[in-house]
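Student: Let me give you the structure first, and then I'll get to my questions.
There are 2 protein chains.
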Amino acid sequence: MARLGLTPQRLAAEGAELADEVGFDRVTASALAQRCGVKVASLYAHIRSTQDLKVRIALFALNELADRAAEAVAGRAGKDALVALGNVYRDYAREHPGRYAASQLRLDSATAAASAGPRHSQLARAVLRGYHLGEPEQTHAVRLLGSVFHGFASLDLGGAFSHSVPDSEESWSWTLDALDALLSSQSPSNRRPPH
Amino acid sequence: MARLGLTPQRLAAEGAELADEVGFDRVTASALAQRCGVKVASLYAHIRSTQDLKVRIALFALNELADRAAEAVAGRAGKDALVALGNVYRDYAREHPGRYAASQLRLDSATAAASAGPRHSQLARAVLRGYHLGEPEQTHAVRLLGSVFHGFASLDLGGAFSHSVPDSEESWSWTLDALDALLSSQSPSNRRPPH
DNA sequence: TATTTTTCCTAAAGACTTTAGGCAAAGTCA
DNA sequence: TGACTTTGCCTAAAGTCTTTAGGAAAAATA
Chain A
1032 MARLGLTPQR
1042 LAAEGAELAD
1052 EVGFDRVTAS
1062 ALAQRCGVKV
1072 ASLYAHIRST
1082 QDLKVRIALF
1092 ALNELADRAA
1102 EAVAGRAGKD
1112 ALVALGNVYR
1122 DYAREHPGRY
1132 AASQLRLDSA
1142 TAAASAGPRH
1152 SQLARAVLRG
1162 YHLGEPEQTH
1172 AVRLLGSVFH
1182 GFASLDLGGA
1192 FSHSVPDSEE
1202 SWSWTLDALD
1212 ALLSSQSPSN
1222 RRPPH
Chain B
1032 MARLGLTPQR
1042 LAAEGAELAD
1052 EVGFDRVTAS
1062 ALAQRCGVKV
1072 ASLYAHIRST
1082 QDLKVRIALF
1092 ALNELADRAA
1102 EAVAGRAGKD
1112 ALVALGNVYR
1122 DYAREHPGRY
1132 AASQLRLDSA
1142 TAAASAGPRH
1152 SQLARAVLRG
1162 YHLGEPEQTH
1172 AVRLLGSVFH
1182 GFASLDLGGA
1192 FSHSVPDSEE
1202 SWSWTLDALD
1212 ALLSSQSPSN
1222 RRPPH
């Protein structure tokens, strides 16, 4: 009965660790309680349900990922920014597979709107400033970036590219080059920004 | 005790239906048994475990998806083939969200190798024949296509593009145009194939 | 200090998974 | 056809996870 001072935030963070260790789909209230040195029922003072816990982990991961993305994009522009942003997603999926899986959890629209999701779009928009796109091209490009980054990270994480030549790494560089070329050619001026 | 003639294949198909109705993560042996008009324990004559059931549903979905992709690509070339292939994935995710989620289930490498996964790569390669890429560009392009198709379908399904202007549909057309342009520019001849 | 709130606990009910053992239907073979 | 084996379904039961209810002690508040 020594009180441990658990909070929903702390539980989300511990849950994120647990997800990385055993997989997001195996995060249970039982396992988390054990990890925190507490009985299962005690968790229900802090979370409403296991689903609620999973949502909190998802929000935690989305936020952490947005923080990293913001850090990577700051002070960079053009292709540098594009590569830095892409690497954040790819590296996060590799370093924190459980959190990455959590970040893909389906959220209801109110929760999604209050999540760090919009920050991710904003960061993609910031990167695209270097390519001088108008609307609606910029929005399309935001979605393309999201699709490629998420799709690549997801397939890479799933092992779709492993045990096969060439290296996943090479395809990733090639993909970033291709995206840069594509976005540059979409620019109204149709010129590459200065290196 | 009227015997229903269940088989692992039939259970996978019923499981796929169930996944579309309630979501892949809520597919349980209990629910499937109820749906088949059988007691839970009876399922274990056909499947080893719930995990085994999920794997079978995943394989079912991958196969069905590959069949559709093959059908769409047959008799088409160039951009037509690219668009047709992309639409298969996008439409499948929309029509069969549970099956699409199942198709993303992580499989161990032996199972993955025996799945329809390789057929998907082959179909992407077939589409890319129209762009006359050499190696390793073709492999990179296969991966890019996989990333974009999967990423877009996944985000679209997650509602990331809904309730927002412009329409997801427009971004999809734009994306396919962009991919076509990109692949054409990667071609050694650097010329667009005839329309 | 007295009171209220919070955080932990034990207990218990309900759902899902999985194994064990039994019985009758379906398939096999004289 | 009748005996034998196999198969597919059943009931029963044990284990895990979720969730609620109610109680006791620590922490916060007045």
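Chains as they are written, first to last, in my numbering: chain A, 1032 to 1226; chain B, 1032 to 1226. A virtual CB, placed ideally from N, CA and C, is assigned to each residue, including glycine. All figures in this text were calculated on a predicted structure; none of them were measured in a lab.
Which of the residues in the region 1164-1190 of chain B, read from start to end, lie with their CB under 8 Å from any CB of chain A?
Tutor: Per Cβ criterion, the list reads P1167, E1168, T1170, H1171, R1174, L1175, G1177, S1178, V1179, F1180, H1181, G1182, F1183, S1185, L1186, G1189 and G1190.
Student: For a contact defined as C-beta to C-beta under 7 Å, what are the partners of T1059 (chain A) on chain B?
Tutor: To locate residue 1059 (chain A), count along the first sequence from 1; it is residue 28. Residues of chain B passing the Cβ test: none, with the nearest at roughly 13 Å.
Student: Does the separation of the CB atoms of G1148 (chain B) and L1093 (chain B) fall below 9 Å?
Tutor: Indexing the second sequence from 1 puts residue 1148 (chain B) at position 117. Indexing the second sequence from 1 puts residue 1093 (chain B) at position 62. In this structure, L1093 (chain B) lies closer than 9 Å to G1148 (chain B) by Cβ.
Student: Let me confirm a value: Q1217 (chain A) is counted as buried when at least 16 other C-beta atoms fall within 10 Å, else exposed. Which label applies?
Tutor: Position 186 of the first sequence, counting from 1, holds the residue named residue 1217 (chain A). Counting Cβ neighbours within 10 Å, Q1217 (chain A) comes out buried, since at least 16 surround it.
Student: Can you find a C-beta in chain A that's less than 9 Å from the C-beta of L1093 (chain B)?
Tutor: Looking up residue 1093 (chain B) in the second sequence gives position 62. No, L1093 (chain B) does not count as interfacial toward chain A.
Student: Short check: CB of A1132 (chain B) to CB of F1055 (chain B), under 9 Å?
Tutor: Here residue 1132 (chain B) corresponds to residue number 101 of the second sequence, with the count starting at 1. Here residue 1055 (chain B) corresponds to residue number 24 of the second sequence, with the count starting at 1. Yes; because the gap between Cβ atoms is below 9 Å, this pair is in contact.
Student: Taking a Cβ distance cut-off of 8 Å, strictly less, list which residues of the region 1068-1084 of chain A are near chain B, in chain order.
Tutor: Flagged: no residues at all.
Student: With DSSP as the reference, label R1120 (chain A) as helix, strand or coil.
Tutor: Along the first sequence, read from residue 1 onward, the residue named residue 1120 (chain A) stands at position 89. Note that residue 1120 (chain A) is Tyr in the sequence shown here, rather than Arg. It is helical.
Student: Could you work out which residues of chain A lie near L1213 (chain B), taking near to mean beta carbons separated by less than 9 Å?
Tutor: Taking the second sequence and counting its residues from 1, the one referred to as residue 1213 (chain B) is at position 182. Chain A residues near L1213 (chain B): A1209, L1210, A1212, L1213 and S1216.
Student: Looking at H1151 (chain A): is its Cβ nearer than 9 Å to the Cβ of A1089 (chain A)?
Tutor: If you number the first sequence from 1, residue 1151 (chain A) lands on position 120. If you number the first sequence from 1, residue 1089 (chain A) lands on position 58. No, the pair does not count as a contact, with Cβ atoms beyond the cut-off.
Student: So, is the C-beta of S1199 (chain A) closer than 9 Å to a C-beta in chain B?
Tutor: As a position in the first sequence, residue 1199 (chain A) is number 168, starting the count at 1. Yes - at least one Cβ of chain B is within 9 Å of the one on S1199 (chain A).
Student: Taking 9 Å as the threshold (beta carbon to beta carbon), is Y1148 (chain B) in contact with chain A?
Tutor: Position 117 of the second sequence, counted from the start, is the residue given in the question as residue 1148 (chain B). Per the sequence shown, residue 1148 (chain B) should be read as Gly rather than Tyr. Closer than 9 Å to some Cβ of chain A, the Cβ of G1148 (chain B) qualifies, so yes.
Student: Count the other CB atoms within 10 Å of the CB of K1070 (chain A); is the residue buried (16 or more) or exposed (fewer)?
Tutor: For the purposes of this step, residue 1070 (chain A) is identified with residue 39 of the first sequence, where counting begins at 1. Exposed is the call here.
Student: What separation, rounded to the nearest whole angstrom, lies between the Cα atoms of K1085 (chain A) and D1111 (chain B)?
Tutor: Numbered from 1 along the first sequence, position 54 holds the residue referred to as residue 1085 (chain A). Numbered from 1 along the second sequence, position 80 holds the residue referred to as residue 1111 (chain B). Looking at the two C-alpha atoms, the distance is approximately 42 Å.
Student: Name the chain A residues whose beta carbon is nearer than 9 Å to that of R1137 (chain B)?
Tutor: Stepping through the second sequence from its first residue, residue 1137 (chain B) is reached at position 106. Chain A residues near R1137 (chain B): G1054, L1188, G1189 and G1190.
Student: Can you look up Y1131 (chain B) in the DSSP assignment and give me helix, strand or coil?
Tutor: As a working mapping, residue 1131 (chain B) is identified with position 100 in the second sequence. Helix.
Student: In the DSSP assignment, find the alpha helix (DSSP H) that holds L1027 (chain A) and state where it starts and stops.
Tutor: Look at the range of chain A in this structure, 1032 to 1226, and you will see that residue 1027 (chain A) is not part of it.
Student: Unbroken alpha helix (DSSP H) runs of length 4 or more, entirely within the region 1132-1192 of chain A: which are they?
Tutor: Qualifying alpha helix (DSSP H) stretches, in chain order: 1140-1145, 1148-1159 and 1168-1188.
Student: Comparing the C-beta of H1194 (chain B) with each C-beta of chain A, is any distance below 9 Å?
Tutor: Sequence index remark: in the second sequence, residue 1194 (chain B) carries index 163 (1-based). Closer than 9 Å: yes.
Student: Just to confirm the assignment, what range does the alpha helix (DSSP H) spanning D1098 (chain B) have?
Tutor: In the second sequence, residue 1098 (chain B) corresponds to position 67, counting from 1. Counting along the chain, the alpha helix (DSSP H) containing D1098 (chain B) begins and ends at T1081 to V1104.
Student: Identify the contact partners of T1206 (chain A) in chain B, using a Cβ-Cβ distance below 8 Å as the criterion.
Tutor: Taking the first sequence and counting its residues from 1, one reaches residue 1206 (chain A) at position 175. Within chain B, the residues near T1206 (chain A) are H1171, R1174, L1175 and S1178.
Student: Enumerate in chain order the residues of its own chain whose CB-to-CB distance from V1179 (chain A) is below 7 Å, with the five nearest sequence positions on each side excluded.
Tutor: Position 148 of the first sequence, counted from the start, is the residue given in the question as residue 1179 (chain A). Contacts found: T1206 and L1210.
Student: With H, G and I counted as helix, E and B as strand and the rest as coil, what does DSSP make of D1198 (chain B)?
Tutor: Position 167 of the second sequence, counted from the first residue, corresponds to residue 1198 (chain B). It is coil, neither helix nor strand.
Student: Taking only beta-carbon atoms, is R1223 (chain B) less than 9 Å away from chain A?
Tutor: By 1-based counting over the second sequence, the position of residue 1223 (chain B) is 192. Legend: pLDDT at R1223 (chain B) = 42, less than 50; position of this residue unreliable, value from coordinates given subsequently. Taking Cβ atoms only, chain A never reaches closer than 9 Å to R1223 (chain B), which makes this a no.
Student: With distances taken Cα to Cα, identify the nearest neighbour of I1078 (chain A) among A:L1113, A:L1037, A:S1204 and A:L1049.
Tutor: The residue labelled residue 1078 (chain A) in the question sits at position 47 within the first sequence. Taking only the C-alpha atoms, the option nearest I1078 (chain A) is A:L1037.
Student: Could you check what DSSP says for G1109 (chain B) in three-state terms: helix, strand or coil?
Tutor: By 1-based counting over the second sequence, the position of residue 1109 (chain B) is 78. Here G1109 (chain B) sits in helix by DSSP.
Student: Establish whether the CB of A1155 (chain B) and some CB of chain A are separated by less than 9 Å.
Tutor: For the purposes of this step, residue 1155 (chain B) is taken as residue 124 along the second sequence, with counting starting at 1. It does not: the Cβ of A1155 (chain B) has no partner Cβ on chain A nearer than 9 Å.
Student: Drop a sphere of 10 angstroms on the beta-carbon of S1195 (chain A), count the other beta-carbons inside from all chains shown, and report buried for 16 or more, exposed for fewer.
Tutor: Position 164 of the first sequence, counting from 1, holds the residue named residue 1195 (chain A). Burial call: exposed.
Student: Which residues of chain A have a Cβ atom closer than 7 Å to the Cβ of S1134 (chain B), listed in chain order?
Tutor: Stepping through the second sequence from its first residue, residue 1134 (chain B) is reached at position 103. Chain A residues near S1134 (chain B): none, gap ~11 Å exceeds 7 Å.
Student: Hey, A1212 (chain B) and G1161 (chain B) are a contact pair by Cβ (cut 8 Å); roughly how many whole angstroms apart?
Tutor: In the second sequence, counting from the first residue as 1, residue 1212 (chain B) sits at position 181. In the second sequence, counting from the first residue as 1, residue 1161 (chain B) sits at position 130. Not quite, the Cβ-Cβ distance comes to about 14 Å (not below 8 Å), so this is no contact.
Student: If you reduce the DSSP assignment to three classes, tell me which class A1044 (chain B) lands in.
Tutor: Translated into positions along the second sequence, residue 1044 (chain B) becomes position 13. DSSP places A1044 (chain B) in helix when its eight states are reduced to three.
Student: Helix, strand or coil for H1226 (chain A) per DSSP?
Tutor: As a first step, residue 1226 (chain A) is located in the first sequence; it is residue number 195 there, counting from the start. Any reading at H1226 (chain A) must be qualified, since the residue scores a pLDDT of 42, below 50, and its modelled position is unreliable; no value is offered.
Student: In terms of alpha-carbon separation, which member of B:L1138, B:L1035 and B:R1137 lies closest to A1076 (chain B)?
Tutor: Translated into positions along the second sequence, residue 1076 (chain B) becomes position 45. Of B:L1138, B:L1035 and B:R1137, the residue nearest in Cα terms is B:L1035.
Student: Counting only beta-carbon separations shorter than 9 Å, does A1143 (chain A) have a partner in chain B?
Tutor: What you label residue 1143 (chain A) is simply residue 112 of the first sequence in a count that begins at 1. Closer than 9 Å: yes.
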